[in-house]
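Single-structure report; data block below.
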Amino acid sequence: MGVVTLLDAIDPGPRGAIKIAPSILSADFGELASAIATITPGSDWLHVDVMDGHFVPNITLGPPVVASIRKHTNLYLDCHLMISDPGEFLEPFAKAGAQGVTVHAELGDLDSVLAEARALGLRVGLAANPDTEFDVFDRYLDAVDVMLCMTVFPGFGGQSFMPEVLPKISQVRDAVVARDLNLEIEVDGGIDAKTAPLVVEAGATVLVAGSAIFGSTDPLKAANDLRHAATC
Ligand code: DX5
Ligand code: ZN
């Protein structure tokens, strides 16, 4: 069986259902395969934070690491590209086995990058920093699969959730309802069992969590607790 057959079978799951997306940023990079295996029963997507030391003041990983992760998991790989030139790397990420790539709205005109990602067979997402207003990305909402509302400034795990982003999440949810958009609303930054109900109430459907899951002594239980907090 070819890799393509396997990758084609990896499905993002039903739109609008609550999804838990552990961020490997807070995992032990020397033990990634076992860390991923541990949380897989409680996870829907795997969130992969890619940082270039330019768009954000930190460096993480690139396509070779995604390719290695791909060999060890069948989870949907949700690659959050915190990089200044995503267009240069879409094909390498697609070849490495990513299913979704999310690029940042702060980069400016993204029409060609989004179209290129789509042409490569990737699902496409758009991310907005906490201070990036709805009007900056509104025009792309019909063209993407995921709108990622950052609830911290990107670059590092373990920061505090910013409640001032909640109204923007609701603005996206209102647009989804009013325009019948086929869009997941993802949140990333400071998500834990306390903040999850707030973002779900505002409209979030995909919950990224790094330190709340991998910083726990029992990461699978933490993922399950997060889902419970988000859905009950
Ligand atoms: C931060 C990353 C996040 C990070 C979240 O720039 O985009 O995905 O891993 O970490 P926590 O959940 O610890 O805030
Ligand atoms: Zn992220």
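Convert by adding 79 to the 1-based position in the sequence shown; the result is the number in our numbering.
Backbone N, C-alpha and C fix where the C-beta goes; we use that ideal spot for every residue, glycine too.
### Query
When every heavy atom of ligand 1 is checked, does at least one fall within less than 6 Å of the C-beta of His-183?
Because no heavy atom of ligand 1 lies under 6 Å away, the Cβ of His-183 does not count as near it: no.
### Message
Would the segment 244-253 count as touching the segment 288-306 if we require 3 or more Cβ pairs under 8 Å?
### Response
Between the segment 244-253 and the segment 288-306 there are fewer than three C-beta pairs closer than 8 Å, too few to call the two in contact.
### Task
Assess, as a yes-or-no matter, whether the segment 197-209 is touched by the segment 164-179 under the definition of 3 or more beta carbon pairs within less than 8 Å.
Contact holds: three or more Cβ-Cβ distances are below 8 Å.
### 3-residue-minimum beta strand (DSSP E) runs that sit fully inside the segment 119-175, ordered along the chain
Counting only runs of 3 or more, we get 124-130 and 155-161.
### Query
Which runs of the alpha helix (DSSP H) spanning at least 4 residues fall entirely within the segment 195-266, listed in chain order?
The alpha helix (DSSP H) runs of length 4 or more contained entirely in the segment 195-266 are, from start to end of the chain, 213-216 and 245-258.
### Message
Quick test of the definition: if touching needs 3 or more C-beta pairs under 8 Å, does the segment 118-126 touch the segment 250-262?
### Response
Taking 8 Å as the limit for Cβ pairs, the verdict is that the segment 250-262 does not touch the segment 118-126.
### Task
Please report the residue range of the alpha helix (DSSP H) in which Pro-276 lies.
Taken as a continuous stretch (DSSP letters only), the alpha helix (DSSP H) holding Pro-276 covers 275-281.
### Message
Our contact map puts Leu-305 next to Ile-99 with C-beta atoms below 8 Å; I'd like the distance itself, whole angstroms only.
### Response
With 8 Å as the limit, Leu-305 and Ile-99 qualify as a contact, their Cβ atoms being about 6 Å apart.
### Segment limits, beta strand (DSSP E) that includes Pro-101
Pro-101 -> beta strand (DSSP E) spans 98-101.
### Task
In angstroms with no decimal places, state the Cα-to-Cα distance between Ile-89 and Leu-227.
Spanning the alpha carbons of Ile-89 and Leu-227 requires a straight line of approximately 21 Å.
### Query
Who are the Cβ neighbours of Phe-216 in its own chain at under 6 Å, not counting the five residues just before and after it?
In the same chain as Phe-216, and ignoring 5 residues on each side of it, the C-beta atoms closer than 6 Å to its own belong to Ala-184, Leu-205 and Ala-207, in chain order.
### Task
Buried or exposed for Arg-218, please, with buried defined as at least 16 other CB atoms from any protein chain shown within 10 angstroms of its CB.
Using a 10 angstroms sphere on the CB of Arg-218, the tally of other CB atoms stays under 16, which defines it as exposed.
### Task
Confirm the yes/no value for this check: CB of Leu-169, any heavy atom of ligand 1, distance under 6 Å.
No.
### Query
Is it buried or exposed for Ile-138, if we count other Cβ within 10 angstroms and need 16 for buried?
So Ile-138 ends up on the exposed side.
#### Entry: Counterpart residues of Val-192 in DSSP-defined beta bridges
The secondary-structure analysis by DSSP pairs Val-192 with nothing; it has no beta-bridge partner.
### Query
Going along the chain, which residues of its own chain have a beta-carbon closer than 6 Å to the beta-carbon of Met-130, five neighbours each way excluded?
Non-local beta-carbon contacts of Met-130 in its own chain, meaning distances under 6 Å to residues more than five positions away in sequence, involve Asn-137, Ile-138, Thr-139 and Met-161 in chain order.
### Task
For the alpha helix (DSSP H) holding Thr-310, just list the boundary residues, first then last.
Its alpha helix (DSSP H) spans residues 298-310.
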